[in-house]
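Each remark here refers to the structure printed beneath this line.
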Amino acid sequence: MESIKIRKITSIWIITVLTLFVASIVLGILMRLNQGGVLQQTPITFYSNMTIHGITMIGIWFVAGMAGINYLMERYVKTSYTANLIALILTVIGVLLLWAVTLIGKFHTAWTFLYPLPLKVMWAKWATPTFLVAMSILSVGWLIWGISMMTQVLKKYSIAQAFAWQHFKKDPEVKTPPFILISMITLVGVITCLFVAVVLMALYFAEYFSGGSFVNDALLMKNLTYFFGHTIANEMLYLGLAVIYELFAEVGGRPKWKTTWYVALAWNFTLIFILTAFFHHLYMDFVQPEGFQIVGQLASYLASLPAAAVTVFSVWVAVYRVKIKWTLTNLLFFIGVAGWVIGGFGAVIDATISNNIVLHNTLWVPAHFHTYNVMGNVLFSLGFFYWFSIQFTDKLVSERFSKLILSLLIIGGAGFLLAFYIGGADSIPRRFSNYPAEFTSAKFLANFGAAFATIYLIPILILFYNITKRCLKILFSSSS
Amino acid sequence: MSKNIVFLFLLIIGFCNFAEAQTTSNALKEETNIYEKVFDVPLQVVDRQSASFDELYAQKPVILALIFTRCTGICNPFLVKLKENLQFKTQENPFQVLVVSFDSRDGISDMRRLAQNLGLEDNKQWTFATTDSISRLNQSVGFEPIWDSLRQQFDHDALLVGINKEGYITKKLIGLREQADLELLIGSVNNIFSPTYRLPNQNSLFSCFNYDPVTGKNTPGLGLLFLALPAVLTTLLLVFISYFVRRSRQKRVQLN
């Protein structure tokens, strides 16, 4: 069983994530209201807010997934509390620096910080190096955490067992739990993309401190940026899926899911596809050889197939004509899987080269990634947070209250996303702080989205209060 | 713990405040003013009738070199290199070279002497000239010489500007460049499309691909290794950890 220390540190992660989530939603709503003309922010304020909104959201839902799998991994192997603590400390320092960089230093390159933007200083002089330092701190902290967890898994399972290769034969002697398989596949992807981040930061530092004598290759920097950015944004979804594979059946009072040959095969392929799908971010870069563009499109299609198809099939089989105990946790998981799949379809549409020519840099892009985050990954993690918080208390959220929370999440989330999708289909560009009159529907859609995002915020605040209160109790309790 | 976090936070902010940013590279400078019209200045031409710039480029596309005759630095090697690179060039794609002084002290006799020193006074492809509107010309091509009163010299780039027959700037080259770059420049003033070409870069070492303008093909560059490196590192790490934990487990078993 997990130690009290792991329980307490998981509580800190949850409180931190939820606090930053609420703050980032508010920033997002302010941005949409500014686009809608209700608020008047300066462009620099808008882009600073956009930068910190993006970085925070990616960061918190990544650490939420990591904290989730770290906690559940204690069921199978002993994890390192020290690595977890180092990651927490470095994350707090990194986040504080990033908020200072954007809100005080007015750094505003967007979270993608595409080369050479961070080096074209249009903000406080200290902001660029501080941003690079903050990103390095986060990368190193998370790398230590990821490597530590991978090491613990390998202490119990061989490489072949951790990747469930023995399941390709009939009746394997050692059975790899799906949670271990998915965690391992995801951790390998996470470690790879964090190594990419380290290389990327090293190249940025080299150019920054060279005083102009060293200039990076723009194509290499863009490839590295998306290798890191795209991959980490996708891997955090898989961290959430590992949690679902572990808890979905358990919470519903059903037998645990088992690894089969097709589950093992699907997830092994996912590792390859997810590490090569980022090439679809370079479709517009005509100097990238055509072969890479084709790899990008194929990997985008194939990455969604194994994991999504197998997970959807598993969830469907688990609920179809089966009497299960529905709670807020597995309902959040269930809706999250639906949101993830819908967002995935949006992503595949955009990743198709012929469509990308039309949809590139329109609101379709935030539409699809907000779908699998707002209505997917966030719900996976909220489901885990809620499940975790009720492990140590008798007081549950009532059934009626659960229905209210879920209804508001679905209505708010769907309305918020619809405004993005319609805008994207109408070729409204993304990343505009103010829309010119030519985009006739843009302002209305922005305000429409902001209104529904506010509805989405209500259940988040209820859950924030509910979960944080319990986590604080766990944190300050003297014993188990 | 919180005290340490605050201390580290302040330390990093303090350190970063002293960091210096990079300067703009040549690669970016070459991209300015492209497809803008060059300013139509009056030209006093050596051993020929005065003409306006538009009369000149209307006859043949122009490769403009901006120099000054009292230069003790780049101007002379720059023109010598240009002459060398162009001497075996056939007239397959027509062009003319216009050498204009950006120093108001230079007169037509100074430019004539320069042409003679270079052995180009009878070469019809080369034109040497001065203008009384040099600042307008400089501005239109993005050329910014800075006067250094201590050295009594201009601090300036070795700039070649390609101008087509309509007077539009199609391409710029900064520095002493090789034949292949000049081929691209001559092609561009004749409105020949070059799909890709390498920008001058201090760090071509880390490029993903090396483009060969002669064959039009890409060959893999060192940058691709940076892309593959993280995956290789992760694989090695996985194997290393697996080996290490298995060995320590075996040792423990032996000890027990």
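Residue numbers (the working numbering), protein chains in the order written: chain V, 19 to 498; chain W, -16 to 239. Just so you know, even glycine gets a beta-carbon here, dropped at the ideal spot from N, CA and C.
In three-state DSSP terms, what is W/Thr6?
For the purposes of this step, residue 6 of chain W is identified with residue 23 of the second sequence, where counting begins at 1. Reliability of the predicted coordinates at W/Thr6 is poor, the pLDDT of 42 falling under 50, and no value is obtained from them.
Could I get the ranges of all uninterrupted alpha helix (DSSP H) runs contained in the region 249 to 336 of chain V, with 4 residues as the minimum, in chain order?
Complete alpha helix (DSSP H) runs here, min 4: 279 to 294, 308 to 322.
Taking W/Leu156 as part of the beta strand (DSSP E), name the residues at either end of that continuous run.
Along the second sequence, read from residue 1 onward, the residue named residue 156 of chain W stands at position 173. Here the beta strand (DSSP E) through W/Leu156 covers 152 to 157.
Cβ closer than 8 angstroms: which chain W residues qualify as neighbours of V/Thr169?
Along the first sequence, one-based indexing puts residue 169 of chain V at 151. Ordered by position in chain W, the residues that pass the 8 angstroms Cβ test against V/Thr169 are Ile224, Val228.
With distances taken from CA atoms, which of V/Phe197, V/Ser372, V/Leu257, V/Arg272 is nearest V/Thr278?
Reading the first sequence from its first residue, position 260 is the one you call residue 278 of chain V. V/Thr278 has its Cα closest to that of V/Phe197, out of V/Phe197, V/Ser372, V/Leu257, V/Arg272.
What are the residues in the region 198 to 218 of chain W lying within 7 angstroms of chain V by C-beta distance?
Result list: Asn201, Gly206, Phe209, Leu210, Leu212, Pro213, Ala214, Leu216, Thr217.
Looking at the C-beta of V/Ser154, does it have a partner C-beta in chain W at a distance below 8 angstroms?
In the first sequence, the residue the question calls residue 154 of chain V occupies position 136. No - not a single Cβ of chain W is within 8 angstroms of the one on V/Ser154.
On the DSSP bridge list, what partners appear for W/Thr113?
Here the question's residue 113 of chain W lines up with position 130 in the second sequence. Note: W/Thr113 sits in a beta bridge opposite W/Gln27.
Is the beta carbon of V/Val586 less than 8 angstroms from the beta carbon of V/Tyr390?
With chain V represented from 19 up to 498, any question about residue 586 of chain V goes unanswered, as that position is not in the structure.
Would you list, in chain order, the members of the region 184 to 208 of chain V that have their beta-carbon closer than 9 angstroms to a beta-carbon of chain W?
Taking 9 angstroms as the Cβ-Cβ cut-off against chain W, the residues of the region 184 to 208 of chain V that qualify are Val206, Gly207.
Note down, in chain order, every chain V residue with its Cβ under 7 angstroms from the Cβ of W/Leu(-7).
Here residue -7 of chain W refers to the residue found at position 10 of the second sequence. Going along chain V, no residue has its Cβ under 7 angstroms from W/Leu(-7), so there is no contact; the nearest lies around 10 angstroms.
Let's see if you can read the secondary structure: which residues bound the beta strand (DSSP E) around W/Leu142?
Position 159 of the second sequence, counted from the start, is the residue given in the question as residue 142 of chain W. Its beta strand (DSSP E) spans residues 142 to 146.
Touching or not, the region 167 to 178 of chain W and the region 71 to 80 of chain W, by the rule of three or more beta carbon pairs under 8 angstroms?
These segments touch.
Inspect the CB distances between the region 42 to 50 of chain V and the region 89 to 107 of chain V and report whether three or more fall short of 8 angstroms.
Too few Cβ pairs lie closer than 8 angstroms, so no.
Chain V beta carbons: is any one of them nearer than 8 angstroms to that of W/Leu238?
As a working mapping, residue 238 of chain W is identified with position 255 in the second sequence. No, no contact with chain V.
Leaving out the 5 sequence neighbours to the left and right, which residues in its chain are closer than 7 angstroms to W/Lys66 when beta-carbon positions are compared?
Indexing the second sequence from 1 puts residue 66 of chain W at position 83. Hits under 7 angstroms: Leu101, Leu103.
Could you name the residues of chain V that W/Leu159 contacts, counting a contact when the two beta carbons are closer than 8 angstroms?
Taking the second sequence and counting its residues from 1, the one referred to as residue 159 of chain W is at position 176. By Cβ distance, chain V contributes nothing, its closest Cβ being about 18 angstroms from W/Leu159, past 8 angstroms.
Looking at chain V, which residues of the region 56 to 67 of chain W have a Cβ within less than 8 angstroms of any of its Cβ atoms?
The residues in question: there are none.
Going by alpha carbons, who is nearest to W/Thr52 out of W/Val124, W/Leu97, W/Ala34, W/Leu210?
Start at 1 with the first residue of the second sequence, and residue 52 of chain W comes out as number 69. The shortest Cα separation from W/Thr52 among W/Val124, W/Leu97, W/Ala34, W/Leu210 belongs to W/Leu97.
Got a sec? Which residues, its chain only, sit under 7 angstroms from V/Ile429 by beta carbon, not counting five neighbours each side?
One-based indexing of the first sequence puts residue 429 of chain V at position 411. Result list for V/Ile429: Ile473, in chain order.
Using the DSSP secondary-structure output, state which residues sit across from W/Gln136 in a beta bridge.
Counting from 1 along the second sequence, the entry for residue 136 of chain W is found at position 153. W/Asp131.
Does the beta carbon of V/Thr380 sit closer than 8 angstroms to a beta carbon anywhere in chain W?
As a working mapping, residue 380 of chain V is identified with position 362 in the first sequence. Judged by the 8 angstroms Cβ criterion, V/Thr380 is not in contact with chain W.
Below 8 angstroms on the Cβ atoms is my contact criterion, and I expect V/Met219 with V/Ser157 to pass it. Report the Cβ-Cβ distance as a whole number of Å.
For the purposes of this step, residue 219 of chain V is taken as the residue at position 201 of the first sequence. For the purposes of this step, residue 157 of chain V is taken as the residue at position 139 of the first sequence. That belief holds up - the Cβ atoms of V/Met219 and V/Ser157 are roughly 7 angstroms apart, short of 8 angstroms.
Would you say W/Val29 and W/Met94 are within 8 angstroms of each other, going by their C-beta atoms?
Stepping through the second sequence from its first residue, residue 29 of chain W is reached at position 46. Stepping through the second sequence from its first residue, residue 94 of chain W is reached at position 111. Yes, the Cβ-Cβ distance between W/Val29 and W/Met94 is below 8 angstroms.
Mind checking whether V/Val136 and V/Thr146 have CB atoms under 8 angstroms apart?
For the purposes of this step, residue 136 of chain V is identified with residue 118 of the first sequence, where counting begins at 1. For the purposes of this step, residue 146 of chain V is identified with residue 128 of the first sequence, where counting begins at 1. According to the sequence displayed, residue 136 of chain V carries Pro and not Val. Cβ atoms of V/Pro136 and V/Thr146: closer than 8 angstroms.
Does the beta carbon of W/Ser190 sit closer than 8 angstroms to a beta carbon anywhere in chain V?
Here the question's residue 190 of chain W lines up with position 207 in the second sequence. Cβ-Cβ to chain V under 8 angstroms: yes for W/Ser190.
Under 8 angstroms between C-beta atoms, does V/Asn234 make it to chain W?
Locating residue 234 of chain V in the first sequence gives position 216, where the first residue counts as 1. V/Asn234 counts as touching chain W.
When you compare the CB of V/Asn286 with every CB in chain W, is at least one pair closer than 8 angstroms?
Position 268 of the first sequence holds residue 286 of chain V. Not closer than 8 angstroms to any Cβ of chain W, the Cβ of V/Asn286 fails to qualify, so no.
Please check if any C-beta of chain V sits within less than 8 angstroms of the C-beta of W/Leu167.
Numbered from 1 along the second sequence, position 184 holds the residue referred to as residue 167 of chain W. Chain V contact via Cβ: absent.
On the criterion of 16 or more Cβ atoms from any shown chain inside 10 Å, does V/Tyr338 qualify as buried, or is it exposed?
For the purposes of this step, residue 338 of chain V is identified with residue 320 of the first sequence, where counting begins at 1. That one is exposed.
Under 8 angstroms between beta-carbons, which chain W residues line up against V/Ser176? List them in chain order, please.
For the purposes of this step, residue 176 of chain V is taken as residue 158 along the first sequence, with counting starting at 1. The contacting residues are Ser225, Arg229.
For the alpha helix (DSSP H) that contains W/Thr202, what are its first and last residues?
Sequence index remark: in the second sequence, residue 202 of chain W carries index 219 (1-based). Taken as a continuous stretch (DSSP letters only), W/Thr202 belongs to no alpha helix (DSSP H), being part of the beta strand (DSSP E) at 200 to 203.
Work out the CA separation of V/Ala468 and V/Gln58 for me, nearest whole Å.
Here the question's residue 58 of chain V lines up with position 40 in the first sequence. Here the question's residue 468 of chain V lines up with position 450 in the first sequence. Taking the straight line joining both Cα atoms gives about 15 angstroms.
Quick one: what's got a C-beta closer than 7 angstroms to W/Thr15's C-beta in the same chain, skipping five residues either side?
Position 32 of the second sequence, counted from the first residue, corresponds to residue 15 of chain W. The answer, listed in chain order, is Gly125.
Quick one: does V/Asn102 have its CB under 8 angstroms from some CB of chain W?
For this step, residue 102 of chain V is matched to residue 84 along the first sequence. Not an interface residue.
Going by other Cβ atoms of all chains shown within 10 Å of its Cβ, with 16 needed for buried, is V/Ala182 buried or exposed?
Taking the first residue of the first sequence as position 1, residue 182 of chain V is located at position 164. Result: buried.
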